[in-house]
Amino acid sequence: MRTSTAGWGSGLIGVIIFSGSLPATRVAVSDFSPLFLTSARAVIAALLGAALLFVLRQPRPAAGHLLSLALVALGVVVGFPLLTALALQHISAAQSIVFVGLLPLATAIFGVLRGGERPRPAFWLFSGIGSAMVAGYAATSGIAVSLTGDLLMIAAIVVCGLGYAEGAKLSRILGGWQVISWALILSLPPMAAIALATLPQTWQGIAGLSWIGLAYVSVFSMLLGFVFWYRGLAVGGIAGVGQLQLLQPFFGLLLAAGLLGERVSGMMFVTTLAVVLCVAGARRYAR
């Protein structure tokens, strides 16, 4: 029981950290191109991760782990950041955050396919209801539709769910922060090349908030959040702890409203309470 509680607590911290990712990305893409933002955040986080691995003298992963690390890199280092950055050129941060409500289902499905988990039928019921509530909130909030932005966000959710499940499975062997650090290092050469090729033509006129957004997604979203998130998934279960992501849209919407001035419906609080109940139900039947 203590292990499960620790896993859910660690996962919740990760979700809170990730909740600031889309608002920070929304701010940063006002001055940085999506390609530069995606590659720069990966390079900065990779250098920090490499320093941690060196200082703490962590052993290199075995050759058999390279494919899993590549999938992690594809999903959470390259795919999700790039696709969301592109999407945020067409939709608001509030709209993009709503799509995160689909991430628990994607994570749970890949947890079954890649992690070998077998949640009970009642789990899928609570997970489906929770996701439907998030989608219903979006439908009643008057959020505009952009086909390009919506398709990019759906693709981002799919690759992110794969990266989460694959990383959680590998975290049971290597450790959570080690997995994201090695995945970042694996992606460093191409990300560094892209960052150099997409450098802004001039650094003048870049707003301070854009720099803060870049710093947040580099240090917190790309590295520190995964320290807690992968530990939570590995200890508490991929499918179960993954349901905490149902709360991420509402944490993120609060940030989008407070920091970006984006409109948030008062119905959010009622929906949040209902989602919390679904998360609690999913936790009970996750294993």
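For the sequence shown, position 156 matches number 148 in the working numbering, and the numbering has no gaps at all. Here a beta-carbon is modelled for each residue, glycine too, at the ideal position from N, C-alpha and C. A quick note: this is a predicted structure, and the numbers were derived from the prediction, not measured.
At the level of alpha carbons, what is the spacing between Leu238 and Gly107?
Distance between the alpha carbons of Leu238 and Gly107: 20 angstroms.
What residues in its chain sit with their C-beta under 7 angstroms from that of Ala160, if we drop five residues either side in the sequence?
So the qualifying residues of the chain are Gly107, Tyr222, Leu225, Ala226 and Ile230.
Figure out for me which residue from Leu44, Arg18 and Gly1 has the closest Cα to the Cα of Leu292.
Nothing in the structure corresponds to residue 292, since the chain is present only between -7 and 279.
Would you call Leu191 buried or exposed, if buried means 16 or more other Cβ atoms sit within 10 Å of its Cβ?
With fewer than 16 Cβ atoms within 10 Å of its Cβ, Leu191 is classed as exposed.
Looking only at its own chain, which residues have a Cβ that is under 7 angstroms from the Cβ of Ser119, when we skip the five neighbours before and after it?
Once the five neighbours on either side are set aside, the close Cβ partners of Ser119 are Pro96, Leu97, Ala100, Gln235 and Ala274.
If Leu144 sits next to Ala79, beta carbons under 8 angstroms apart, how far is it from one beta carbon to the other, in whole angstroms?
That pair is a contact at about 4 angstroms.
Which one of Ala189, Gln240 and Gly153 has the shortest CA to CA distance from Gly103?
It is Gly153.
Taking C-beta to C-beta, are Val21 and Ala77 nearer than 7 angstroms?
For Val21 and Ala77, yes; Cβs fall inside 7 angstroms.
Return the first residue and the last residue of the alpha helix (DSSP H) that Ser31 is part of.
Where Ser31 is concerned, the enclosing alpha helix (DSSP H) stretches over Pro26 to Val47.
Taking the Cβ atom as the reference point for each residue, do Ser11 and Phe220 lie within a distance shorter than 7 angstroms?
Result no, Cβ atoms of Ser11 and Phe220 do not sit closer than 7 angstroms.
Considering only C-alpha positions, which residue in the set Leu75, Asp142, Val268 and Leu180 is nearest to Leu39?
Closest option to Leu39, Cα to Cα, is Leu180.
Check whether the Cβ atoms of Ala187 and Val35 sit closer than 7 angstroms, and answer yes or no.
Contact: yes.
Helix, strand or coil: which one does DSSP assign to Gln193?
Note: Gln193 maps to coil in three-state DSSP.
Over what stretch of residues does the alpha helix (DSSP H) that includes Ser163 continue unbroken?
Residues Leu139 to Leu166.
Do Met183 and Ser31 come within 7 angstroms of each other at the CB atom, strictly closer than that value?
Yes, the Cβ-Cβ distance between Ser31 and Met183 is below 7 angstroms.
In the DSSP assignment, find the unbroken alpha helix (DSSP H) run with Val19 in it and report its ends.
Taken as a continuous stretch (DSSP letters only), the alpha helix (DSSP H) holding Val19 covers Ser13 to Ala20.
Does the beta-carbon distance from Gly56 to Ser173 come in below 7 angstroms?
No, these two residues do not count as a Cβ contact at 7 angstroms.
To the nearest angstrom, how far is the alpha carbon of Phe46 from that of Leu139?
If you take the alpha carbons of Phe46 and Leu139, they lie about 45 angstroms apart.
Does the Cβ-Cβ distance between Leu58 and Ala148 come in under 7 angstroms?
No.
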